[in-house]
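For the sequence shown, the working numbering begins at 107 and goes up steadily by one.
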Amino acid sequence: MQLYPGQLRHATPAPDSPAIQTSAKEPGSAARPVPAQAPILWFHNRRTAAMQRNNRVRSRFNWPLRLGAALCITLAQGAAHASATDSAATAAAPRQAFFGELHVHTMNSPDAFMLNVRTTPDDAYRFAQGEAIPHISGVTIQLRAPLDFVAITDHSEYMGILPRLFEPQGELAALPIAARLTDKDPERRQAAVMEVLMSMGDNTPMPALVDEALRQSIWQEYVRSAERYYRPGEFSTLIGYEWTSSGALEEVNLHRNVIFRNSDVPKQPFSSFDSVEPRALWAWLDEQRKQGVEGMAIAHNSNLSNGLMFPSEVAFGGEKIDAAYAALRQRNEPLVEIAQIKGTSETHPLLSPNDEWAGFELLEDLLGGRGTQGEVKGSYARDAWLAGLVMQEQQGFNPYRFGVIAASDSHNSGSQVEEDNYHGKIGSADGTPAARRGGSFINTHHIKYSSAGLAGVWASENTREALYDALARRETFGTSGPRISVRFFAGTDWPADLLTQADWAQQAYARGVPMGGELPQGMGDSAPEFLLWAAKDPSSAWLQRVQIVKGWVEDGTTREAVFDVGCADGLSPDPATHRCPDNGATVSLKTCDFDRHKGDGQIAARWRDPTFNPAQPAFYYARVLENPTCRWSTWDSLRTGLPLPEDVPATLQERAWTSPIWYQP
């Protein structure tokens, strides 16, 4: 059978296999061929016969999910680390890792439509299931393997309106704005476009375009489309949309995606035309819950919020943050996107100067900010988690006990998450290598966009309800694109040989808490012990290291530290620096062929915090790093013959982040 670069060359063990053998590298693999790139504007943020092939590919992606331990185990007690053998027992996990997309736009988003995107929600559902769909460039786009779930999250503001304005015989054709948008004079057309978009930016919607009956009709079309493609147990279509608030400030991003648990949904979305305040959105979700409609908000692009996404004293709108605010936010916003096309929101070098990986895929210019960099404090997840610990200690509440996912925010009806299969964010604005190299979108150079990301969810089955419940309990992780599987548990009384036992995952659930959980109070002076397991994406690079990031409060001051707790290639972290030695993995900038002789297919670690103080509140989350590979911009250079761009790195280390586990004295 054909193997993707880096795929394990051994048979996949059965789920109840007692042990697995060390993975083999691909000896002397030839350079990956560079595919030919066929030739492939403007405001915000064919069906094929390939389904059989993609179904086979899906089975390749399932192999890590059936493995319950690791090929390389690193046992760590405090500062002392010892390497174990490269084998461990597998376990039939009570929950499986499902990969999906919770943030994708179609032609029904105004910005996508204005940039010539003409694919529909139906196209987006087909794309998520592995089919090819058309791209504005004239090519088709397709994932290497199907996703397990997807949510179409078109902007609620003028959702589906623009396509109707352009229908010659449509229900909106008689409106004056429709005539101006289709005028033969390009200047009048452009003026009409600006009129529509300025009404969004100024939060002064055109009454005819927000007619309640019209909005409800369009929303019901969304629901019917999701119902058509929902196959419980195989493919889940979560119903949702994007609440697109910039707080009446075009440079500030306060956007949220709203996801519902099942097909019991409101009559119409709550949009930023209803209110630009996050508190109002959360209150609306509370009210819907009273009526039997369960939904949540997921914040995204906090990195572009200018410090307003995670305020520490005064909330957006001017009200002081208090216990009621914290409770309202916690009930309704359990997750944040940690990575997407418009950059990562984990942390920033100015906030985490001792974290060598803090500068990964940052996008710092505010939207519409003409090169203006925003405030970093209050804009990144790690900083928010630290601020929450301080609030809890000093005021008795924590509004920032949230988990993480990743998503794409693609406006092409399909997730652009593969570095060598990237076609831009939004239609004709960046749909070709030339446009991505030289253009800008909302004053941000396209070259700085990322090919990211995906959500990972540990759920008992692939249904809307099971996936939603996992999102709500924060048993989630995000990746920068590859389907890296990662488990993360904390407890205090693990058996010494736990990671060698076939049912280690079940025991970890029974004896501890998974990612997104909270360690129970009354632990005494015992330092928590963590279990971390990660498995590579079969079509991506080998894993290099697994890390645990800790944040805590010491005498009223926030602290953070990064611990490498598991290294590939039989290496061990330095007990003084807590860093793995460099494993020497390389990537060719001439071919983008990555090193297949360094790294591991799986890494697991058992680690006890050497800095633990039972009196200090803390959080811990895991980060998994691959060996270096080519960034999408390097692939573009390879295909076009253009020199490598100077303002972005040629390579990157794809990664995964888990939701934290919290400790509160």
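Every residue, glycine too, gets a C-beta built ideally from N, C-alpha and C.
Below 7 Å CB to CB, which residues in the same chain sit around residue i once its five sequence neighbours on both sides are set aside?
{"i": "V659", "result": "L495, V496, E499, Q722 and P723"}
{"i": "E567", "result": "G339"}
{"i": "T683", "result": "none"}
{"i": "L171", "result": "Unreliable positioning characterises L171 in this predicted model, as indicated by a pLDDT of 37, which lies under 50. The coordinate reading is nonetheless provided below. The answer, listed in chain order, is Q202, A203 and S591."}
{"i": "A432", "result": "F503, N504 and P505"}
{"i": "V371", "result": "V329, I345 and V399"}
Based on the DSSP secondary-structure assignment, which residues constitute the bridge partners of residue i?
{"i": "S591", "result": "A641"}
{"i": "V510", "result": "V442"}
{"i": "K426", "result": "V420"}
{"i": "R232", "result": "According to DSSP, which records beta bridges pairwise, R232 is partnered with nothing at all."}
{"i": "C686", "result": "Paired residue(s): none; C686 is not in a bridge."}
{"i": "C673", "result": "R651"}
{"i": "Q500", "result": "In DSSP, Q500 forms no bridge with anything."}
{"i": "M402", "result": "I365"}
{"i": "H211", "result": "BP columns for H211 are empty, so no partner."}
Taking just the CA atoms, how far does residue j sit from residue i?
{"i": "K426", "j": "Y486", "result": "20 Å"}
{"i": "L577", "j": "V382", "result": "25 Å"}
{"i": "L456", "j": "V482", "result": "8 Å"}
{"i": "L637", "j": "F583", "result": "15 Å"}
{"i": "N85", "j": "D753", "result": "With the chain covering 107 to 771 only, the question about residue 85 has no answer from this structure."}
{"i": "I258", "j": "T225", "result": "12 Å"}
{"i": "A710", "j": "A728", "result": "11 Å"}
{"i": "T212", "j": "F219", "result": "8 Å"}
{"i": "G509", "j": "I365", "result": "15 Å"}
{"i": "G244", "j": "Y506", "result": "44 Å"}
{"i": "A421", "j": "H361", "result": "15 Å"}
{"i": "S765", "j": "V299", "result": "41 Å"}
{"i": "R270", "j": "R250", "result": "33 Å"}
{"i": "E293", "j": "P282", "result": "16 Å"}
{"i": "K696", "j": "E525", "result": "15 Å"}
{"i": "Q158", "j": "I532", "result": "Caution applies to Q158, whose pLDDT of 37 falls short of 50 and renders its modelled position unreliable; the model cannot decide the point."}
{"i": "K656", "j": "W390", "result": "34 Å"}
{"i": "S352", "j": "E263", "result": "12 Å"}
{"i": "A285", "j": "A297", "result": "12 Å"}
{"i": "W349", "j": "Q770", "result": "33 Å"}
{"i": "L320", "j": "G520", "result": "26 Å"}
Identify whether residue i lies in helix, strand or coil by the three-state DSSP scheme.
{"i": "M621", "result": "coil"}
{"i": "V482", "result": "coil"}
{"i": "P580", "result": "Per the sequence shown, the amino acid found at residue 580 is Arg instead of Pro. Reduced to three states, the DSSP call for R580 is coil."}
{"i": "P749", "result": "coil"}
{"i": "K656", "result": "strand"}
{"i": "N518", "result": "coil"}
{"i": "Y528", "result": "coil"}
{"i": "P141", "result": "The pLDDT assigned to P141 is 30, lower than 50, so where the model puts this residue is not dependable, and the model offers no usable value."}
{"i": "Q770", "result": "coil"}
{"i": "R295", "result": "helix"}
{"i": "R761", "result": "strand"}
{"i": "A463", "result": "Residue identity check: residue 463 is Trp in the sequence provided, not Ala. Coil, per DSSP."}
{"i": "P384", "result": "helix"}
{"i": "R712", "result": "strand"}
{"i": "V316", "result": "helix"}
Tell me which residues share the same chain as residue i and place their Cβ nearer than 6 Å to its Cβ, disregarding the 5 neighbours each side in the sequence.
{"i": "C686", "result": "R651, D670, C673, L677 and P679"}
{"i": "E624", "result": "W768"}
{"i": "L758", "result": "R737"}
{"i": "Q322", "result": "K373 and Q374"}
{"i": "A756", "result": "L695, T740 and L750"}
Measure the beta-carbon distance from residue i to residue j and round it to whole angstroms, keeping in mind my assumption that it falls under 8 Å.
{"i": "S342", "j": "D229", "result": "So it is not a contact: roughly 18 Å between Cβ atoms."}
{"i": "G339", "j": "L560", "result": "20 Å between Cβ atoms; not a contact."}
{"i": "S408", "j": "E467", "result": "No, S408 and E467 are not in contact; Cβ-Cβ is about 14 Å, not under 8 Å."}
{"i": "S331", "j": "D260", "result": "That belief does not hold up - the Cβ atoms of S331 and D260 are roughly 11 Å apart, past 8 Å."}
{"i": "S534", "j": "I242", "result": "5 Å"}
{"i": "A641", "j": "S586", "result": "A641 to S586, Cβ: 16 Å. No contact."}
{"i": "E772", "j": "W713", "result": "No answer is possible for residue 772: it lies beyond the span of the chain, which begins at 107 and ends at 771."}
{"i": "L344", "j": "N412", "result": "Contact doesn't hold; Cβ gap of about 30 Å is too wide."}
{"i": "P311", "j": "F379", "result": "5 Å"}
{"i": "G707", "j": "N689", "result": "The pair is not a contact, with the Cβ atoms about 14 Å apart (cut-off 8 Å)."}
{"i": "P734", "j": "A691", "result": "6 Å"}
{"i": "H209", "j": "Q522", "result": "Between Q522 and H209 the Cβ distance is about 12 Å, and since that is not below 8 Å, they are no contact."}
{"i": "A595", "j": "V619", "result": "Looking at the sequence itself, residue 595 is Phe, so the reference to Ala does not match. Right, the Cβ-Cβ distance comes to about 7 Å (below 8 Å), so this counts as a contact."}
{"i": "P440", "j": "M402", "result": "6 Å"}
{"i": "R617", "j": "G597", "result": "5 Å"}
Apart from the five residues just before and just after residue i, which ones in its own chain have a Cβ nearer than 8 Å to its Cβ?
{"i": "I553", "result": "R542, R543, S739, P751, D753 and V754"}
{"i": "L604", "result": "W610, Q613, A614, L637 and R712"}
Could you tell me whether any Cβ in chain C is nearer than 8 Å to the Cβ of residue i?
{"i": "T585", "result": "Going by chain labels, chain C is absent from the structure shown, which holds only one protein chain."}
Between residue i and the ligand NAP, is the CB less than 7 Å from at least one heavy atom?
{"i": "A614", "result": "This structure lacks the ligand NAP; in fact it carries no ligand of any kind."}
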